[in-house]
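One structure is given below, encoded as structure tokens.
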Amino acid sequence: MSNVFATLLIAHVILGLISVILLYALLLGLLKKEINIDTLKRLSLFNFLALVASWVSGGYYYVLYYGANVKPVIMKGAYTWAHAVIMEAKEHVFLMLPFASLALLVVLYLCPEDIKNNENVKHALVGLVAVLVIVSTLMAISGVLISGGAR
Amino acid sequence: MDIYSGLLIVHLIGAVLGVGGATFIEIFLNKALRDGTVDPTESSFLKTTYKVVRVGLVLSLLSGFGFLLMYKLTGQTFKLYNPILWAKMTIIIIIAVNAVMLEMRKINLFWGSAFSFISWYTVLIVSPFLSGAPQFSYLEVMFGYIVAVLVGAVILDLIRKKMHNKIPNV
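Sequence order for the protein chains is A and B.
Counting along the first sequence from 1, when you hit position 128 you're at 128 in the numbering used here, and nothing is skipped either side.
Counting along the second sequence from 1, when you hit position 82 you're at 233 in the numbering used here, and nothing is skipped either side.
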């Protein structure tokens with residue numbers, strides 16, 4: 001693997017993991033009695049940027065390296081499900097993350113008072129962030145399974 | 152210093168902060184609950200210790216995935232299917248879920264403190280077994296973990312009750 005693709009893969013993994021950590025911090029922040037909207041805004045902005053950067057770096061690696069070099073190795077090995085099931089699911093499910101994160105960012109910047117004062121809005125936002133945490137964690141775990149299947 | 156040594160140092164610092172923080176949360180909680188209430192100073196100590204544990208969790212996660220990346224880039228992908236690694240990841244997810252449940256007050260102190268305390272120690276104890284060929288299956292590690300949580304919950308509760316009974320009558 002060339003240095004460019006290795007760097008892209010490292011960026012994809014680390015930025016994705018940072019996004020999981022930021023989303024988890026957002027969830028804990030939203031569950032507090034006294035919500036600090038400014039902190040949540042910053043976390044959601046960094047999360048969105050990290051996710052988009054992870055998407056671009058992962059996408060570039062996937063299109064120009066994975067398809068020609070990693071996928072054939074997985075499909076010839078004992079863990080074909082690592083690509084046929086996990087990667088096929090990952091590449092589609094991942095797409096919801098940047099857009100849902102953008103929605104979260106917009107709500108936090110445009111409706112801070114509603115989040116503080118309206119329990120229904122807060123609960124809906126907690127639900128959205130919880131789904132994002134679960135899906136992004138599953139994405140991270142899928143990445144490990146896919147990498148481990150290539151041998 | 153090579154990448155492996157750097158990752159190992161960060162991973163160890165993360166584990167030290169996590170396990171040490173979880174231990175001190177138990178100590179501070181037991182001391183705070185001796186009189187049945189948590190006063191503002193005790194609450195402040197606890198909040199700071201929770202932050203330390205979370206820093207430990209973040210360092211452990213980042214360096215842990217650093218190791219996984221290193222295995223991938225150096226052709227040691229077989230290590231990514233080590234059952235002990237997956238047991239460790241499962242327990243780290245339990246630590247994270249437990250923190251959310253505690254924040255939402257959806258889990259009581261009996262189970263919440265046991266999951267936090269025992270999970271961190273289990274992660275620390277299983278880590279050395281990651282090097283070399285797997286010595287335990289995923290189910291063996293998880294079974295040992297569940298037994299440890301059950302026993303640990305009872306022991307931690309007994310300690311709390313014993314400390315509560317030690318309050319002198321004024």
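Glycine is no exception: its CB is placed at the ideal position from the N, C-alpha and C atoms.
Suppose contacts are defined by Cβ-Cβ distances below 8 Å. Is residue i in contact with residue j by that definition?
i	j	result
residue 68 of chain A	residue 15 of chain A	no
residue 10 of chain A	residue 82 of chain A	no
residue 276 of chain B	residue 181 of chain B	no
residue 79 of chain A	residue 149 of chain A	yes
residue 286 of chain B	residue 294 of chain B	no
residue 41 of chain A	residue 108 of chain A	yes
residue 328 of chain B	residue 271 of chain B	Residue 328 of chain B is absent from the model: chain B starts at 152 and stops at 321.
residue 153 of chain A	residue 19 of chain A	Because chain A in this structure spans residues 1 to 151, residue 153 of chain A falls outside the shown range and cannot be described.
residue 200 of chain B	residue 176 of chain B	yes
residue 51 of chain A	residue 101 of chain A	yes
Residue i by DSSP, collapsed to three states: which one?
i	result
residue 210 of chain B	helix
residue 321 of chain B	Residue confidence is low: residue 321 of chain B scores 46 on pLDDT, short of 50, so the model does not pin down where it sits. No coordinate-derived value is stated.
residue 205 of chain B	helix
residue 79 of chain A	coil
residue 182 of chain B	helix
residue 152 of chain B	coil
residue 188 of chain B	coil
residue 225 of chain B	coil
residue 1 of chain A	coil
residue 288 of chain B	coil
residue 33 of chain A	coil
residue 166 of chain B	helix
According to the neighbour-count rule (16 or more other Cβ atoms, all chains shown, within 10 Å of its Cβ), is residue i buried or exposed?
i	result
residue 156 of chain B	exposed
residue 303 of chain B	buried
residue 92 of chain A	exposed
residue 153 of chain A	The structure shown does not extend to residue 153 of chain A, since chain A is modelled only from 1 to 151, so the question has no answer here.
residue 63 of chain A	exposed
residue 233 of chain B	buried
residue 321 of chain B	Interpretation of residue 321 of chain B is limited by its pLDDT of 46, a score under 50 that renders its predicted location unreliable; the figure taken from the coordinates is listed afterwards. Classification for residue 321 of chain B: exposed.
residue 239 of chain B	buried
residue 223 of chain B	buried
residue 255 of chain B	exposed
residue 89 of chain A	exposed
residue 269 of chain B	buried
residue 70 of chain A	buried
residue 134 of chain A	exposed
residue 96 of chain A	exposed
residue 73 of chain A	exposed
residue 192 of chain B	exposed
residue 160 of chain B	exposed
residue 99 of chain A	exposed
residue 216 of chain B	buried
residue 284 of chain B	exposed
Less than 7 Å between the CB of residue i and some heavy atom of the ligand MG, yes or no?
i	result
residue 137 of chain A	As far as ligands go, the structure on display features none, and thus does not contain the ligand MG.
Going along chain B, which residues have a C-beta under 7 Å from residue i?
i	result
residue 24 of chain A	247
residue 17 of chain A	212, 213, 216
residue 144 of chain A	219, 231
residue 85 of chain A	Near residue 85 of chain A there are no residues of chain B at all, since even the closest Cβ is about 15 Å away, more than 7 Å.
residue 106 of chain A	Within chain B, no residue comes near residue 106 of chain A; the closest Cβ sits about 24 Å away, beyond 7 Å.
residue 13 of chain A	216, 220
At a CB-CB cut-off below 8 Å, which residues of chain A make contact with residue i?
i	result
residue 254 of chain B	28, 31, 32
residue 178 of chain B	The contacting residues do not exist; residue 178 of chain B stays about 23 Å from chain A at best.
residue 244 of chain B	137
What does residue i touch in chain A if you count any residue whose Cβ is under 7 Å from its own?
i	result
residue 228 of chain B	147, 148, 150, 151
residue 209 of chain B	21
Report the neighbours of residue i on chain A: residues whose CB is nearer than 9 Å to its CB, in chain order.
i	result
residue 224 of chain B	1, 6, 9, 10
residue 251 of chain B	24, 27, 28, 31, 130, 133
Listing by chain order, which chain B residues have their CB less than 9 Å from the CB of residue i?
i	result
residue 93 of chain A	Near residue 93 of chain A there are no residues of chain B at all, since even the closest Cβ is about 18 Å away, more than 9 Å.
For residue i, go through chain B and note every residue whose CB falls closer than 8 Å to its CB, in chain order.
i	result
residue 56 of chain A	The contacting residues do not exist; residue 56 of chain A stays about 18 Å from chain B at best.
Inside the region 75 to 151 of chain A only - alpha helix (DSSP H) runs reaching at least 4 residues: 88 to 93, 96 to 110, 112 to 117, 119 to 149
Ordered list of alpha helix (DSSP H) runs contained in the region 227 to 285 of chain B, each at least 4 residues: 234 to 254, 260 to 277
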